[in-house]
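A.B. asks: Chains A and B, in that order, are what the protein sequence lines are. Sequential numbering from 419 applies to the first sequence in the numbering used here. Sequential numbering from 419 applies to the second sequence in the numbering used here.
Number of protein chains: 2
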Amino acid sequence: MDKLNVKIAGEIALSEAPGSTMKKWREIFGITQAELGEHLKISASTISDYEGNRRKSPGIVVVHRFVDALIALDTGKGGSVTRRFREQEQETKFFEAGEFTQAVNAADFAKLIDAKCVVNSEILGQKKLYGYTLLDSIKVIMEMPYTEFPKLFGASPERAFIFTEVSTGRSPMVVVRVTQMKPSVIVMHKLEKVDKLAVKIAQVEKIPILTTKIDIEEMKGRLQKI
Amino acid sequence: MDKLNVKIAGEIALSEAPGSTMKKWREIFGITQAELGEHLKISASTISDYEGNRRKSPGIVVVHRFVDALIALDTGKGGSVTRRFREQEQETKFFEAGEFTQAVNAADFAKLIDAKCVVNSEILGQKKLYGYTLLDSIKVIMEMPYTEFPKLFGASPERAFIFTEVSTGRSPMVVVRVTQMKPSVIVMHKLEKVDKLAVKIAQVEKIPILTTKIDIEEMKGRLQKI
DNA sequence: ACCCCACTTCGACAATAGCCAAACCTCCCG
DNA sequence: CGGGAGGTTTGGCTATTGTCGAAGTGGGGT
Numbered sequence: 419m420d421k422l423n424v425k426i427a428g429e430i431a432l433s434e435a436p437g438s439t440m441k442k443w444r445e446i447f448g449i450t451q452a453e454l455g456e457h458l459k460i461s462a463s464t465i466s467d468y469e470g471n472r473r474k475s476p477g478i479v480v481v482h483r484f485v486d487a488l489i490a491l492d493t494g495k496g497g498s499v500t501r502r503f504r505e506q507e508q509e510t511k512f513f514e515a516g517e518f519t520q521a522v523n524a525a526d527f528a529k530l531i532d533a534k535c536v537v538n539s540e541i542l543g544q545k546k547l548y549g550y551t552l553l554d555s556i557k558v559i560m561e562m563p564y565t566e567f568p569k570l571f572g573a574s575p576e577r578a579f580i581f582t583e584v585s586t587g588r589s590p591m592v593v594v595r596v597t598q599m600k601p602s603v604i605v606m607h608k609l610e611k612v613d614k615l616a617v618k619i620a621q622v623e624k625i626p627i628l629t630t631k632i633d634i635e636e637m638k639g640r641l642q643k644i
Numbered sequence: 419m420d421k422l423n424v425k426i427a428g429e430i431a432l433s434e435a436p437g438s439t440m441k442k443w444r445e446i447f448g449i450t451q452a453e454l455g456e457h458l459k460i461s462a463s464t465i466s467d468y469e470g471n472r473r474k475s476p477g478i479v480v481v482h483r484f485v486d487a488l489i490a491l492d493t494g495k496g497g498s499v500t501r502r503f504r505e506q507e508q509e510t511k512f513f514e515a516g517e518f519t520q521a522v523n524a525a526d527f528a529k530l531i532d533a534k535c536v537v538n539s540e541i542l543g544q545k546k547l548y549g550y551t552l553l554d555s556i557k558v559i560m561e562m563p564y565t566e567f568p569k570l571f572g573a574s575p576e577r578a579f580i581f582t583e584v585s586t587g588r589s590p591m592v593v594v595r596v597t598q599m600k601p602s603v604i605v606m607h608k609l610e611k612v613d614k615l616a617v618k619i620a621q622v623e624k625i626p627i628l629t630t631k632i633d634i635e636e637m638k639g640r641l642q643k644i
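In structure tokens:
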């Protein structure tokens, strides 16, 4: 059952003037009484009766059909309203952080996620991780306001940054270079060969770079088990 | 209108078997038909009629009363169920963030919320604020998962952290000291005298501390106007 | 001025909700 | 075993809902 549907239905059901609430939602969806009536196979005047609060306690079946009709008609038109509400619901998520309950050695971490160390492998074993942050590199770079950057650290800066949607791996490293964010380890998801500048940055910053090809959900699952 | 109420009402309204859903919720609340009936001044058998789905489309007024009764009865018993759901549903409710549309000087900000600067007042005028974060200090320390910390920053780290429910002000400052969160200004709500260690931390971190006694809702109102 | 569209208002009527009381189940427990 | 607590079932009565169509209102647009 969809959250938006439940919300609309709930609002109508708890309203002192259910009809007015129905009207509000119909208008939000930009649907005319006639359209609605046609879809529901009832006359437009019936809709108006409801919206005018002629029925003080419409049955929930009416409410149910009403809500479904709004969604269905909206979907038929491209679903713009529905989409807007769904988007509103989920706060823009640029990243996902997780913490480990105990320190994890970076080399063990690499094994866990089937990763290969492509840069600075000699210092990998020295790094400890207390958590990880999964980031969509495109989104981080293109959409995330720079003021959000400090957020990426989560509880501890001693963590792995796992970049997804990387092409050459250069941009993520540039970001690491020019900002305060200095993770212990960087994982590039599904990266073929690492950009030269990226390698240089990693060396200067003394951050090992790992690459892995396992599925993201699979990876999250494995990390959760720590 | 409360979210939990809307959710229950919405679920009932959209259910194929509304009575069963009503029953489910009554049981979740651990209320007997008799209790419910008494509260609603209808017979228990009527409740059973509904729960047995004898009415295919109960009116929303019935649903409304039903939901209200559940909440009221639960509240009368201490509100444990209600509380549990609220906690479950809003993990992010540890804090409330707001952004200003323009930079605000910290000294002006202090005036706006009737605050007095008790530490580092000489640098107050140098600080700029782009937003604020209201936090319940007890909750933040006791209940907030580490992974939520980064969210506190909102759009910009140059903001005021307004701690409510403070006793001496020491713990919030310790948190600031040991984590990455370094706001521009810290406001302690209704704090009598500031703890000595807190003062020291503030000096080390160069963060002014303000205190104010105005009502929180009043404060939110004033901040919204910026 | 005229018309169309979106919407409102209202009388009518069959179908259903809303409610009760009384009888009936079913555990659980001393 | 006996009884009480919690729940279900059913017939029955009245108040409302669910629905229509016809007639009416008001704001554009041409």
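Every residue, glycine too, gets a C-beta built ideally from N, C-alpha and C.
Name, please, each residue of chain A whose Cβ falls closer than 7 Å to the Cβ of B:His482.
C.D. replies: What B:His482 touches in chain A: Ala431 and Leu432.
A.B. asks: Kindly list the residues whose CB is nearer than 8 Å to the CB of B:Val594, restricted to its own chain and excluding five residues on each side of it in sequence; keep chain order.
C.D. replies: Correct list, in chain order: Phe579, Lys600, Pro601, Ile604, Ile619, Glu623 and Ile625.
A.B. asks: Quick check on B:Ser461: buried or exposed, where buried means 16 or more other Cβ atoms within 10 Å of its Cβ?
C.D. replies: Exposed, by the Cβ-count rule.
A.B. asks: With a cut-off of 8 Å, does the C-beta of A:Asn471 fall near any C-beta of chain B?
C.D. replies: Chain B contact via Cβ: absent.
A.B. asks: Would you mind sorting B:Glu429 into buried or exposed? The rule is 16 or more other CB atoms within 10 Å of its CB.
C.D. replies: Buried.
A.B. asks: If we define contact as Cβ-Cβ less than 8 Å, is B:Leu476 a contact residue for chain A?
C.D. replies: In the sequence on display, residue 476 of chain B carries Pro and not Leu. Chain A contact via Cβ: present.
A.B. asks: On the three-pair Cβ rule with 8 Å, is the segment 528-543 of chain B touching the segment 626-640 of chain B?
C.D. replies: Verdict: yes, contact present.
A.B. asks: Closest Cβ-Cβ distance between A:Leu553 and chain B: below 8 Å?
C.D. replies: Not one chain B Cβ lies under 8 Å of A:Leu553.
A.B. asks: In the DSSP output, which residue or residues are listed as bridge partners for A:Ile577?
C.D. replies: Before going further, note that residue 577 of chain A is Arg rather than Ile in the sequence given. Answer is A:Gly549.
A.B. asks: Here's the rule I'm using: 16 or more other beta-carbon atoms within 10 Å means buried, otherwise exposed. How should B:Thr510 be labelled?
C.D. replies: Low local confidence applies: a pLDDT of 42 at B:Thr510 is under 50, so the model's placement there is unreliable, with the coordinate-based value given in what follows. So B:Thr510 counts as exposed.
A.B. asks: Using 10 angstroms around the beta-carbon of A:Lys459, count the other beta-carbons present and answer buried if the total reaches 16, otherwise exposed.
C.D. replies: Classification for A:Lys459: exposed.
A.B. asks: When burial is assigned at 16 or more other CB atoms within 10 Å of the CB, is B:Ser555 buried or exposed?
C.D. replies: The residue in question, B:Ser555, is buried, as its Cβ has 16 or more Cβ neighbours within 10 Å.
A.B. asks: Any Cβ of chain A within less than 8 Å of the Cβ of B:Pro436?
C.D. replies: So yes, B:Pro436 belongs to the interface.
A.B. asks: Between the segment 441-457 of chain B and the segment 437-447 of chain A, can you find at least three pairs of beta-carbon atoms closer than 8 Å?
C.D. replies: Because the criterion of three Cβ pairs below 8 Å is not met, the segment 437-447 of chain A and the segment 441-457 of chain B do not touch.
A.B. asks: Spell out whether any CB of chain A is found under 8 Å from the CB atom of B:Lys425.
C.D. replies: Closer than 8 Å to some Cβ of chain A, the Cβ of B:Lys425 qualifies, so yes.
A.B. asks: Where B:Ala435 and A:Phe513 are concerned, what is the direct C-alpha to C-alpha distance, given to the nearest angstrom?
C.D. replies: Using only the alpha carbons, I get a separation of about 40 Å.
A.B. asks: Listing by chain order, which chain B residues have their CB less than 9 Å from the CB of A:Val485?
C.D. replies: Gly428, Ala431 and Leu432, listed in chain order.
A.B. asks: Using the three-state DSSP reduction, which class does B:Asp492 fall into: helix, strand or coil?
C.D. replies: Reduced to three states, the DSSP call for B:Asp492 is helix.
A.B. asks: What is the DSSP secondary structure of B:Lys631, counted as helix, strand or coil?
C.D. replies: B:Lys631 falls in the coil class under three-state DSSP.
A.B. asks: Please return the same chain residues whose Cβ sits closer than 6 Å to the Cβ of B:Glu507, not counting the five positions on each side in sequence.
C.D. replies: Because the pLDDT of B:Glu507 is 49, which lies under 50, any placement of that residue in the model is unreliable, and the question is left without a value.
A.B. asks: Using only the alpha-carbon positions, how far apart do A:Gly516 and B:Gly549 sit?
C.D. replies: Taking the straight line from one Cα to the other gives about 26 Å.
A.B. asks: Span of the beta strand (DSSP E) holding B:Val622?
C.D. replies: From DSSP, B:Val622 is part of no beta strand (DSSP E) but of the alpha helix (DSSP H) over Lys614 to Glu623.
A.B. asks: Interface residues of chain A around B:Val479 at Cβ under 8 Å?
C.D. replies: Neighbours of B:Val479 on chain A, chain order: Lys474 and Ser475.
A.B. asks: According to DSSP, what are the bridge partners of A:Lys611?
C.D. replies: Bridge partners of A:Lys611: none, in fact.
A.B. asks: A:Asp613 to B:Val536, Cα distance in whole Å?
C.D. replies: Distance between the alpha carbons of A:Asp613 and B:Val536 is about 52 Å.
A.B. asks: Quick one: is A:Glu635 buried, meaning 16 or more other Cβ sit within 10 Å of its Cβ, or exposed?
C.D. replies: Exposed is the call here.
A.B. asks: Over what stretch of residues does the alpha helix (DSSP H) that includes A:Lys441 continue unbroken?
C.D. replies: Pro436 to Ile446 is the extent of the alpha helix (DSSP H) around A:Lys441.
A.B. asks: Do B:Arg577 and B:Ala616 come within 8 Å of each other at the CB atom, strictly closer than that value?
C.D. replies: Not a contact, by the Cβ cut-off of 8 Å.
A.B. asks: I'd like to know whether the C-beta atoms of A:Val592 and A:Met606 end up nearer to each other than 8 Å.
C.D. replies: Result no, Cβ atoms of A:Val592 and A:Met606 do not sit closer than 8 Å.
A.B. asks: What separation, rounded to the nearest whole angstrom, lies between the Cα atoms of B:Asp486 and B:Glu456?
C.D. replies: In a straight line, the C-alpha of B:Asp486 is about 14 Å away from that of B:Glu456.
A.B. asks: Rounded to whole angstroms, what's the CA-CA distance from B:Gly496 to B:Glu453? Just pull it up for me.
C.D. replies: Rounded to the nearest angstrom, the two C-alpha atoms are 16 Å apart.
A.B. asks: Could you give the DSSP three-state label for B:Asp554: helix, strand or coil?
C.D. replies: Of the three classes helix, strand and coil, the one that applies to B:Asp554 here is strand, per DSSP.
A.B. asks: What's the call for A:Glu540, buried or exposed, on a 16-neighbour Cβ count within 10 Å?
C.D. replies: Flag for A:Glu540 reads exposed.
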